[in-house]
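Here's the structure we're looking at; comments come further down.
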Ligand code: UN1
């Protein structure tokens, strides 16, 4: 089946005439459809449509805009099961996680629909009599949204819902690994009463669509989730136009297990955080720091639990770990594992492509544990985005925290301890946008700010009330009803 771009409320073919396929990473002979390999001309049409739609949409009362979001949420809910199955087919994550991803998009739609009746500004006293001051939220304008494949519904929803409720229009470029999910979400959104041009979708590559979109002079803000490398390039494109740029980039998220931690609980959290979504979350745990006294004990349990994980097609109920997203990802993971071995880390388990039986068809990598890792090794430093966990032993609490912070990323972090004093000191000291106590590094909820420090981003936060700050502008209003010229700052 052939799919088209959504521009100005119409499904239209690309002007380039070129297309690309989306395939199932568990079995690439299963196609999810053919999608337009768009180019600059399509971007131009989409941005012009977003521009034309902006005045009326930005004047539409926010509660009216919000009702559309609410209906989108309801429709996503109605279709949750079939969207989950499609997602597993398109990017490989196991069905229960695909349903979770869909649920996160539902939650975001409904949460942000509520914001339509708040969009809280503030009123304050004036320093002068007979004068009123207040500040309100205004739309930013035409937004470029560029999203990854690992959360094909949730991450787009994090960006689309605040964009719309705040009265902006948008052009969305989804990842070329999950165009079918982007089509499904866009179709649902477009059928809930959005005026033409408010929501535009352009499929295609980063170089052919992403670059002309991000650098388009009529784009007022760019929101991007993806690699640090691409994030830097996008930041520069935005800087040329003095755009607001929202970036959610990588992570190298640590779990710390202290001697007084509940080891069974930690074990479950580590397996879930390191190998859930086949390690392909920006919040995934890729570094494990274990305090000396429980190191051997936890390692034995971890090796055993890791070896038990069943690889397979995510639609099979017995599967624990699905494929990685494509061949390039498989090769990248294999490359990092080779580097780990060359640099002297010891492979405890995994460390190979899995190709027995049906697995030979797809892109499967065995869940991998490295021990004897040193902080200077590449596997400890770079984001691998696959099922590879690097493990280090720490002498004590202080060394564990130092090791956890020894990264240029700062998204998520976690500590297992029963000692409230240590837990709270870890909250103070872990350098990350999110810290979990006695739980793994993944599983953020939509009504709290999501994002990180250091090279994980440029200071913004997604989700929660923070999303409204991110996707709207402040406007401050001063009303002087004294009938005379009053001067602030005590000037008479
Ligand atoms: C991501 O890792 O790219 O917190 C997003 C989580 C999910 C979102 C992850 N709710 O793991």
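In my numbering, the protein residues as written are 85 to 576. Every residue, glycine too, gets a C-beta built ideally from N, C-alpha and C.
Item, Value
"Taking all protein chains shown into account, do 16 or more other C-beta atoms lie within 10 angstroms of the C-beta of residue 332, making it buried, or fewer, making it exposed?", "buried"
"For the stretch 220-277, which segments carrying the alpha helix (DSSP H) assignment without a break, of at least 4 residues, lie completely within its bounds, in sequence order?", "238-249, 263-274"
"For residue 249 and residue 149, which I take to be in contact (beta-carbon distance under 8 Å), what is that distance rounded to the nearest angstrom?", "6 Å"
"Following a CB-centred definition, is residue 365 positioned closer than 7 Å to any heavy atom of the ligand UN1?", "yes"
"Quick check on DSSP: helix, strand or coil for residue 478?", "strand"
"Please report the residue range of the alpha helix (DSSP H) in which residue 419 lies.", "411-426"
"Which ranges does the alpha helix (DSSP H) cover as unbroken runs of at least 4 residues, wholly within the stretch 452-477, from first to last along the chain?", "462-465"
"Can you confirm whether the stretch 319-335 touches the stretch 128-140 when touching is taken to mean that 3 or more C-beta pairs between the two stretches lie within less than 8 Å?", "no"
"For a test of the three-state rule: what should DSSP assign to residue 560, helix, strand or coil?", "strand"
"Should residue 499 and residue 351 be called a contact, given that it needs their Cβ atoms to be closer than 8 Å?", "no"
"Among the residues of its own chain, which have a CB less than 6 Å from the CB of residue 556, if the five just before and after it don't count?", "221, 250"
"Quick check on the burial criterion: 16 or more other C-beta atoms within 10 angstroms. Buried or exposed for residue 207?", "exposed"
"Could you tell me the distance, in whole angstroms, from the CA atom of residue 370 to the CA atom of residue 100?", "41 Å"
"DSSP three-state call for residue 540: helix, strand or coil?", "coil"
"For residue 189, is the beta carbon positioned less than 7 Å from some heavy atom of the ligand UN1?", "no"
"Let's see if you can read the secondary structure: which residues bound the alpha helix (DSSP H) around residue 322?", "312-324"
"Taking C-beta to C-beta, are residue 335 and residue 536 nearer than 8 Å?", "yes"
"Which residues does DSSP pair with residue 492 in a beta bridge?", "Partner(s): none; residue 492 has no beta bridge."
"Quick one, which of 313, 125, 358 has its alpha-carbon nearest residue 526's?", "358"
"Alpha carbon to alpha carbon, how far is residue 123 from residue 353? Give it in angstroms, no decimals.", "43 Å"
"On the DSSP bridge list, what partners appear for residue 111?", "108"
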